[in-house]
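Numbering of the sequence shown is given in UniProt numbering, commencing with residue 1 and proceeding in unit increments.
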Amino acid sequence: MTAMYHPTLGVHDLEVAREWFTRVFARPAFRWEDTLDPKLLDPDYPRNYSFFFFIHDLHYVVLCPQLHATGALRGQTRYQDVPEGMIGVGWYTDDAVGMFDRLTEHGITSHDQKGRRITSENPPVSPMAPDIHVGFTDPETAGYRHEFVRIGDRHLEYYSRQADPRLRPDWVRPPVDPNDPLRIERTSHHTFLTADPERAERVYVDAAGGRVIGQRRNEELQALSTFITLGDSVVEFAVPDPKSPAAARVSSGLDYYHGISLQVADIEQVETHLAHAGVPTRRLSTEVTSIDPEAAFGMQWRFITRRPI
């Protein structure tokens with residue numbers, strides 16, 4: 001894995017979500033169809049079903065499931081009837097075919113963008129273009145829908161210019177932008193709730209090549225957390241205590257993408273900006289404030305001054 005591709009948030013109304021993210025994060029939105037050269041794509045691939053934000057060092061996607069399953073993706077059902085909230089997380093890989101082979105070796109099944117099982121005879125070729133490989137783990141065996149993608153070399157210059165600057169050879173994480181009302185320093189980590197941490201390690205460590213970097217108690221969630229680094233990101237897998245509020249989220253046995261923590265320079269400035277933006281926050285400690293899922297399309301945004309690991 002080279003880096004996190006993007007988390008994906010599912011929403012019912014793209015325009016409402018676009019306005020909210022623009023107001024909260026003070027960054028421009030850009031449409032999926034503007035991120036790749038259309039001359040290199042299948043003209044039947046659906047358009048206008050998502051938009052992207054680049055938030056300091058985080059490539060983030062908001063997608064409307066009702067608009068997604070059209071054109072070349074007509075008939076796929078992976079996001080059918082999902083409530084608003086996180087519906088996936090993607091990773092760049094240099095070898096998508098090899099990655100899905102390793103997942104299979106560890107008992108993790110996967111499907112392509114049309115919902116077909118990925119096998120050695122059916123590699124995950126995207127309907128977008130033959131040199132883009134995209135596939136997804138089945139939640140039933142992986143706990144969650146994890147996406148792995150390889151973008152063909154001929155697309156990278158355009159995509160890095162239009163969507164994800166981290167793909168540029170000279171990119172480095174920028175310092176705090178003095179014009180950023182949130183004063184973001186970096187993405188700290190992504191938090192999943194799980195009842196099966198061994199399964200999470202099978203996907204992220206055994207198959208994907210990540211590394212466990214620590215464990216600690218998460219008192220906010222009443223959970224024991226394992227932190228794994230993969231690519232350029234850190235993922236927290238939190239096992240909730242029995243009968244804790246978070247335990248209900250994983251009672252089905254599937255993992256739950258709870259939210260993202262951003263490290264910031266000044267908590268008070270974050271709260272001041274969000275108050276002016278009309279977004280309620282909850283102060284969790286002197287070092288942490290959050291936008292709770294009820295106010296953020298089903299996921300939590302935490303703003304912290306110190307990373308947990």
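Where is the CB? At the ideal position from N, CA and C, for every residue including glycine.
None of these values were measured; they are calculated from a predicted model.
Whether residue i touches residue j by CB criterion (8 Å)
i           : j           : result
residue 253 : residue 229 : no
residue 51  : residue 31  : yes
residue 222 : residue 258 : no
residue 143 : residue 112 : no
residue 17  : residue 227 : no
residue 5   : residue 91  : yes
residue 214 : residue 309 : yes
residue 188 : residue 285 : no
residue 44  : residue 186 : no
residue 89  : residue 8   : yes
residue 110 : residue 137 : yes
residue 145 : residue 87  : yes
residue 11  : residue 61  : no
residue 156 : residue 255 : no
residue 291 : residue 184 : no
residue 212 : residue 205 : yes
Bounding residues of the beta strand (DSSP E) (the contiguous stretch that carries residue i)
i           : result
residue 201 : Not the beta strand (DSSP E): residue 201 falls in the alpha helix (DSSP H), residues 197-201.
residue 92  : 85-92
Alpha-carbon to alpha-carbon, residue j and residue i
i           : j           : result
residue 282 : residue 191 : 18 Å
residue 122 : residue 114 : 12 Å
residue 268 : residue 280 : 14 Å
residue 15  : residue 118 : 34 Å
residue 162 : residue 151 : 14 Å
residue 2   : residue 105 : 21 Å
residue 251 : residue 197 : 14 Å
residue 218 : residue 65  : 32 Å
residue 126 : residue 53  : 22 Å
residue 47  : residue 216 : 43 Å
residue 140 : residue 128 : 26 Å
residue 278 : residue 271 : 10 Å
residue 225 : residue 132 : 34 Å
residue 147 : residue 99  : 11 Å
residue 350 : residue 302 : Any question about residue 350 goes unanswered here, given that the chain covers just 1 to 309.
residue 246 : residue 288 : 19 Å
residue 49  : residue 25  : 21 Å
residue 94  : residue 75  : 29 Å
residue 19  : residue 273 : 16 Å
residue 263 : residue 40  : 37 Å
residue 195 : residue 102 : 23 Å
residue 77  : residue 116 : 11 Å
residue 38  : residue 130 : 14 Å
residue 13  : residue 108 : 33 Å
residue 248 : residue 124 : 34 Å
residue 164 : residue 275 : 29 Å
residue 176 : residue 306 : 15 Å
residue 22  : residue 232 : 25 Å
residue 29  : residue 166 : 17 Å
residue 266 : residue 42  : 45 Å
residue 207 : residue 149 : 15 Å
residue 244 : residue 174 : 38 Å
residue 200 : residue 67  : 30 Å
residue 235 : residue 59  : 15 Å
Where the alpha helix (DSSP H) through residue i begins and ends
i           : result
residue 270 : 267-276
residue 97  : 96-105
residue 112 : First-last for residue 112: 110-112, but that is the beta strand (DSSP E), not the alpha helix (DSSP H).
Contact the region 162-174 vs the region 71-78: 3+ CB pairs below 8 Å: no
3-residue-minimum beta strand (DSSP E) runs that sit fully inside the region 11-68, ordered along the chain: 50-55 and 58-63
Stretch pair the region 236-248 + the region 31-40: three plus CB contacts closer than 8 Å: no
Segments of 4+ residues assigned as alpha helix (DSSP H) that fall wholly inside the UniProt domain "VOC" (186-309): The DSSP assignment places 197-201 and 267-276 as complete runs of the alpha helix (DSSP H) inside the UniProt domain "VOC" (186-309), in order along the chain (cut-off: 4 residues).
Segments assigned alpha helix (DSSP H), at least 4 residues, entirely inside the region 122-153: 139-142
The region 175-185 touching the region 79-96, judged by at least three CB pairs closer than 8 Å: No, they do not touch.
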